[in-house]
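Below is one structure, written out as structure tokens, with a few remarks after it.
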Amino acid sequence: MVGALFAAVIPIAFIKSGIRKGHWGDRHVGEKPARLVVMAVILLSVATGIVLMLVAGAPRTMVGLIVSMLVTLAILTAITFAWKISVHQAVSAGACAMLVQTYGPWMALGFLLVIVVGWSRVELRDHTRNQVIAGTILGTIVAAAVFHLAR
């Protein structure tokens, strides 16, 4: 519950609040300055969640999942200063990589959904193919490596 609160509920609430206040137009936060603010708040929220999870003695697998999210998001944030990499792709590919590590090779079928997400990001013209490919590669490698080390 703590992981979900700090990695999903609080970030979504912050984004929705920013939309209501007119700070950004939609949940995708396409403008770079606003996107960086959102990413910084999410990083702080996720880091807070990790500390609380560690203090509460949360299962290592859950802590590893959230630590993987934090490291991936930190790298995405650094890249976002220069280029608009696909966060959607990094998150979906990273989640699939961690599912494979936890539940086995059949979970690799989830990467079919990652392809659909990537196609949609290009089709909606929110990203180029290169941004989608980079997000997929980064999310897969970083999440898998950090999850392996952290759990």
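In the working numbering, the protein residues as written are -13 to 137. Just so it is clear, CB atoms sit at the ideal spot from N, CA and C, and this is done for glycine as well.
Local conformation of Met(-13) per DSSP, three classes: By 1-based counting over the sequence shown, the position of residue -13 is 1. Reduced to three states, the DSSP call for Met(-13) is coil.
Go ahead and pull the three-state DSSP assignment for Gly104. By 1-based counting over the sequence shown, the position of residue 104 is 118. In the structure shown, Gly104 sits in a helix (DSSP, three-state: H, G or I).
For Ala42, which of helix, strand or coil comes out of DSSP? Taking the first residue of the sequence shown as 1, we reach residue 42 at position 56. Helix.
Closer than 7 Å by C-beta to Ala60: which residues in its own chain qualify, once you throw out the five before and the five after it? Chain order, please. On the sequence shown, residue 60 is found 74 positions in, with the first residue counted as 1. For Ala60, where only same-chain residues beyond five positions count, the Cβ hits under 7 Å are Leu29.
Given Val24, which residues of its chain have a CB within under 8 Å of its CB, disregarding the five upstream and five downstream residues? In the sequence shown, residue 24 corresponds to position 38, counting from 1. Pro(-3), Phe0, Ile1, Gly4, Trp10 and Val15.
Rounded C-alpha distance that separates Phe97 from Val86: Against the sequence shown, residue 97 aligns to sequence position 111. Against the sequence shown, residue 86 aligns to sequence position 100. Distance between the alpha carbons of Phe97 and Val86 is about 10 Å.
One question on the structure: do Ala76 and Leu124 come within less than 7 Å of each other, judged by their Cβ atoms? Start at 1 with the first residue of the sequence shown, and residue 76 comes out as number 90. Start at 1 with the first residue of the sequence shown, and residue 124 comes out as number 138. Using a Cβ distance threshold of 7 Å, Ala76 and Leu124 count as a contacting pair.
Count the other C-beta atoms from every protein chain shown that fall within 10 angstroms of the C-beta of Met(-13), then say buried if there are 16 or more, exposed otherwise. In the sequence shown, the residue the question calls residue -13 occupies position 1. When all chains shown are included, Met(-13) counts as exposed.
Contact the region 65 to 83 vs the region 98 to 113: 3+ CB pairs below 8 Å: yes
Mind checking whether Ala79 and Thr47 have CB atoms under 7 Å apart? By one-based count along the sequence shown, residue 79 stands at place 93. By one-based count along the sequence shown, residue 47 stands at place 61. The answer is no: Cβ separation not under 7 Å.
Close-in-space but distant-in-sequence residues of the same chain around Val157 (CB under 8 Å, 5 per side omitted): This structure leaves residue 157 out entirely; the chain is present only between -13 and 137.
Considering only their Cβ atoms, is the gap separating Ala64 from Ala129 smaller than 7 Å? For the purposes of this step, residue 129 is identified with residue 143 of the sequence shown, where counting begins at 1. For the purposes of this step, residue 64 is identified with residue 78 of the sequence shown, where counting begins at 1. No, these two residues do not count as a Cβ contact at 7 Å.
Burial state of Phe(-8), where buried means 16 or more other Cβ atoms lie within 10 Å: Sequence index remark: in the sequence shown, residue -8 carries index 6 (1-based). Phe(-8) is buried by the Cβ-count criterion.
Grab the span of the alpha helix (DSSP H) containing Met84 for me, first residue to last. Within the sequence shown, the letter at position 98 stands for residue 84. Val73 to Tyr89 is the extent of the alpha helix (DSSP H) around Met84.
Taking all protein chains shown into account, decide if Ala42 is buried (16 or more other Cβ within 10 angstroms of its Cβ) or exposed. Along the sequence shown, one-based indexing puts residue 42 at 56. It counts as exposed.
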